[in-house]
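What follows is one structure encoded as structure tokens, with my remarks underneath.
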Amino acid sequence: MIKTWMTPWLLMAVPFLGAALSLLLRASLQRMKTSALLTTVACLLVVIGTPWALGDTLAGVPFLCLLPLTAFLSLLGQPLHRDNTSAWTATLVLLGLGLGILTAQAPAHDVMLLILPGLLCILLYRYQSGATSETWRGLSAYGLSMVSAALALVLTTPASTVALLVTCATLLPLLPVHSGFIATLTGLPGNLPAFLVFLLPTVGFHTLLTLLPNLTVTTLHTVTILALAGAVYGSLRALIQARPLPRLAYAALAFFGMLWWYVADTGTAPVQATVYLSAVGLAASGLLLAWYAIRARYGDIDLRALGGLAYPMPRFSTLLALLALAALGMPPFGVFSGFLGMLLMPTFTPSGPFAVVMIVWLTASWYYTDLVQQLVFGRQRVDVRYDDLRQTEFASLVLLLLLLLALGTAPSRFFDSYVPTPPATVAMQEGTWIR
Amino acid sequence: MSFLALVPLLPLLTAFIVMTGDRAEQDQSARAGLFPVVAAFLGSLIALWVVTSGDPITIQLYDPASIANLAFPIGFYIDRLSAVMMVLITGVTTLIYRYSMGYMYQDRGYRRYLGMLGITTSVLLCMVSSANLVMLFIFWQILSWLLFLLAHNHAHAATLSGAANTFTILRLSDAAFLAGIVLAYSLYGTFEFQTLFTRAAETPITLSLWPDLGWEMNGVTAVTLLIFIGAMGKSAQFPIHTWLPRSLYAPTPVHALLHAGIINAGGFLLNRLAPLYGLSPTTLHVVFVIGMLTAILGATMMLTQNDIKKTLGFSTIGQMGYMIMECGLGAFSLAVFHLIAHGLFKGTVFLNCGNVIHKARQEPSFPPIDREAEESEFSNLTWSTGFLTTLLLPLVILLVTHGVLRIPLIESQGTVIFLFFIWVTSSQAILSLTRIRAVASWKVSTAMLVTLIIVVFTYLFAVESFTHFLYPNPEVVASYFKAAALPGRLFDSLVVGTTVLTILSWGYLYAHAHGRTVKIPGWIDVFLVRLYVLFMNRLYLDQLYLKFGRMVTLVAHHLEKRLS
């Protein structure tokens, strides 16, 4: 029989075994990909099945399900190519680690939190060979993250809290330690950016929730300022990027900055904040996957080099436009619902910085619309051979959109229906997401 | 009567039929798609009849007491205002759809265009029948995106740039609207219209803007001002009107819908929230000023354009300013009356506009350039009739009004406002008639008198009845006028100033027609030329915004350079 303490290890074991199996099947790309996909499905079943087998509820199961689902969707559209195989295996390993962090208690949780940036350092180093300044910045940020996580293990509160907060800030990006997040999204190959843009903030946010009750007013005030600065900085940087990957990375920084601001400003993390977090992650993931489809066909080109995809690639164009809509915060998708839901909480009072946040929110319409406009509209090029999305690519993007739609339209009570009472660690108000 | 909630969804069926059918059979699909639109129109008429003879229809698919559901609260509230708007929207859409079936025939994006038309109509219907502020805002935002897509020809660089500009500016106003909603909820804890109005009236709240300096603002004023910025965007109010002229590359039927339906959203919003606006004289004064500025600038810019669609576009901006100004004066029902009249008129003009452009491209002699013959003679009889009717009109109306009107406006500025608008409208019509110079001047004079009677009686009875229809409680109407009342001297000066301007224009017209020169100092002439250039270039606002955008980009580049 399964015991409660086994849950995180079980959740970790499935993807780790899947990763090992996929390595064994390296000879056949088709088999390897199928095995990776089946592993994520098995993982999803374990996430749903474990609380059922325990006769208990597992907090935040709907959100936990999003992790294997995102891994599945990010893998689904991948073309069968030898260059992608290591990214598939890494996805499974990171999925296992992510699930472990989200479900384990200290000290296992803290140890795994130390391993995650270490693994990211290896991946960054492996795939970029330390050639660019962005990589070095990313490596430094993750290095700092590892040091902080290690210090948190040995120090006592409040020093350990601050150390863990730094680790959180590298995963759920916060100025000035956002470089790791940016380097991950812009530098890693295959489906890894699309998966990590969801995984890292989720892990960071989850850790932040455990820290929140212990954060002092001064710390929260500092985080508020950094979050606002990060949101503005991310927006400005996203505005001027000619290449989609950095644009999407900085846009994600801006949107996560708004989340940091909200949490620090109100000192709460209602379930709507989790909806927002998941939706921003999923929307960014969708856009990264959409861009990957283009990159697989035409390489990592400048936005201005391609255009007029609306007629020759209607499926891609429609999905890209819808994903951009979701990402910039239009209804009925999750980003809008989450954001509005957060602002409607009784703990939130509109103040001066709210105007800054609204400007950041507004700026997103500028750079996301520009992204769509550059790719989808304009004159069609005669020297380019257009090839619309394949079935698997199409399916992965459609499913992502459906998830975003579900996050936007489902009543929030659906998301905390699994939340046990009394709350285990963070009990701020009704509707909070609890470990 | 809950089936009436399906009316807003019927045009979606049109979109489905048109967009999913076989491309080879797109004509049949388009014809089939017309039926749901007509059904929506009939449904709207039924809704109007139902709410006229009974209470408003309320359908809530959410629990307003639970905050968990408020991010996407779907419900319908169809009262007389909603029903009137629904009839207008579906009526105009039916005509536009039928017209577009021929106009857009064989266009590459025929199906997409008709489908978008269906979706836009559906969104508009959902917006006007929203049960609460959040749902209204959700559809308000979707409309912003649809306006981007309705530009239609996305391979054309200017169209594309105009569409992006439209979306960005509309999002700016959407952001303010969202801030207004959040503030309203934070202060009053509800989005339900009636509850919001009651709570706002019962609990006066003062917000401290800058505690150190002692800056304070009434809560209702802050909320209504923010929401008004939202209305300014959709209704193209100065200084965020620039999207409308830039979106004029879209097909003309799109403009018929835009100018007859979508752009009225601002007027609808102010009417929907009239009880809230009625609580804030400050906001109403701001609304009045913005509306007045837009009306003046829009009309002036219209006179300096040399492109038929731009001329019509600026005419719409001017009319929207007029409509918003009416709201700012507390004449909310008058604004709805105005938007319906303008919508029908402008829709017709835009539908014909494409043919005129087409004809002008085919026939070099069209439109005729030589207008010498028209200017040859001047009729004293026509001029005198026009002059006298225009000046005597206020007195006549005043005498009639005392005996006929049922609205208690005499004690407030309301009467004068109504009279003023009647006067301005009839003066406009009569001034136009004087351009028919010596051609059977007695007939023209008769036409003037008939116009006068039509305008006066339409305004007196239609507007009065319409006010009673939309706002059955006369005390409520009076309270809006009272809240919007301008300081006595300012109001008097405005009325006197406009009267003097009208008389002067009659004098100028007379002198000009007799070939007499009015002595104007040289610097005024130079100033007028500069002014003309300024208005011809639309006050250089487009360039100003572009410069601002470039400045932001420059700052961002500078930042990036520094950090790398």
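These protein sequences, in sequence, are chains R and Y. Under this note's numbering, think of the first position of the first sequence as -9, with each following residue one higher. Under this note's numbering, think of the first position of the second sequence as 18, with each following residue one higher. Glycine is no exception: its CB is placed at the ideal position from the N, C-alpha and C atoms.
T570 (chain Y) belongs to the set of residues whose beta carbon lies under 9 Å from a beta carbon in chain R.
Between V193 (chain R) and G108 (chain R), the CB-CB gap reaches or exceeds 9 Å.
Here the alpha carbons of L561 (chain Y) and G398 (chain R) stand approximately 37 Å from one another. Residues of the region 248 to 261 of chain R with a C-beta less than 9 Å from any C-beta of chain Y: V261, listed in chain order. Within the DSSP secondary-structure output, M234 (chain Y) pairs in a beta bridge with Y:L224. A contact is defined here as three or more CB-CB pairs under 8 Å, and the region 283 to 302 of chain R fails this definition with respect to the region 79 to 97 of chain R. Using a Cβ distance threshold of 9 Å, L164 (chain Y) and I279 (chain Y) count as a contacting pair.
In this structure, the CA atom of A345 (chain R) is about 31 Å from the CA atom of T333 (chain Y).
Legend: CB atoms of the region 94 to 107 of chain R lying less than 9 Å from CB atoms of chain Y are not found in any residue. Bounds of the alpha helix (DSSP H) holding I198 (chain Y) are A174 to Y205. In this structure, T107 (chain Y) lies near F58 (chain Y), with their beta-carbon atoms less than 9 Å apart. As the crow flies, the alpha-carbon of H276 (chain Y) is around 16 Å from that of V140 (chain Y). Pairwise C-beta distances place the region 117 to 133 of chain Y in contact with the region 254 to 272 of chain Y, as three or more of them are shorter than 8 Å.
The three-state secondary structure of N170 (chain Y), taken from DSSP, is coil. In the DSSP assignment, Y94 (chain Y) forms a beta bridge with Y:T75. Near chain R, meaning a CB-to-CB distance below 7 Å, the residues of the region 182 to 193 of chain Y are F184, T185, R188, L189 and A192. Assignment of E219 (chain Y) by DSSP, reduced to helix, strand and coil, places it in the helix class. M568 (chain Y): member of the alpha helix (DSSP H) spanning L558 to L580, first to last residue. Residues of the same chain with a CB within less than 6 Å of the CB of M121 (chain Y), apart from the 5 flanking positions on each side, are Y127 and Y130 in chain order. Looking at the DSSP output, S147 (chain Y) sits in a beta bridge with Y:F93.
In the three-state scheme derived from DSSP, where H, G and I count as helix and E and B as strand, E380 (chain Y) is classed as coil.
Here the region 165 to 173 of chain R makes contact with the region 232 to 249 of chain R; the two share three or more CB pairs at distances below 8 Å.
The C-beta distance from R115 (chain Y) to L51 (chain Y) rounds to 6 Å, short enough to fall under 8 Å. Put simply, the CB of L177 (chain Y) is near chain R, with a gap under 9 Å to one of its CB atoms. For the 9 Å CB-CB criterion, F6 (chain R) and T30 (chain R) do not form a contact. For the 9 Å CB-CB criterion, I95 (chain Y) and A47 (chain Y) do not form a contact.
In this structure, the beta-carbon distance from L296 (chain Y) to C344 (chain Y) does not fall below 9 Å. Counting every other CB atom within 10 Å of its CB across the protein chains shown gives W162 (chain Y) a total of 16 or more, marking it as buried. Shortest Cα-Cα distance from I105 (chain R) to any of R:C33, R:T40, R:L85 and R:V261 involves R:L85. The region 219 to 230 of chain R makes no contact with the region 269 to 286 of chain R, as fewer than three CB pairs between them are under 8 Å. Within the DSSP bridge table, the entry for E209 (chain Y) names Y:N149 as partners. Ranked by Cα distance from S70 (chain Y), the options Y:Q77, Y:L204 and Y:A100 are led by Y:A100. Counting along the chain, no alpha helix (DSSP H) covers M(-4) (chain R), and no H or E run does either.
Nearest to A300 (chain R) by alpha-carbon distance, out of R:D290, R:A232 and R:L312, is R:L312. Under the 10 Å beta carbon count, Q20 (chain R) is surrounded by fewer than 16 other beta carbons and is classified as exposed. Of all alpha-carbon atoms in R:S150, R:L1, R:T200 and R:L393, the one lying nearest the alpha-carbon of L35 (chain R) is that of R:L1.
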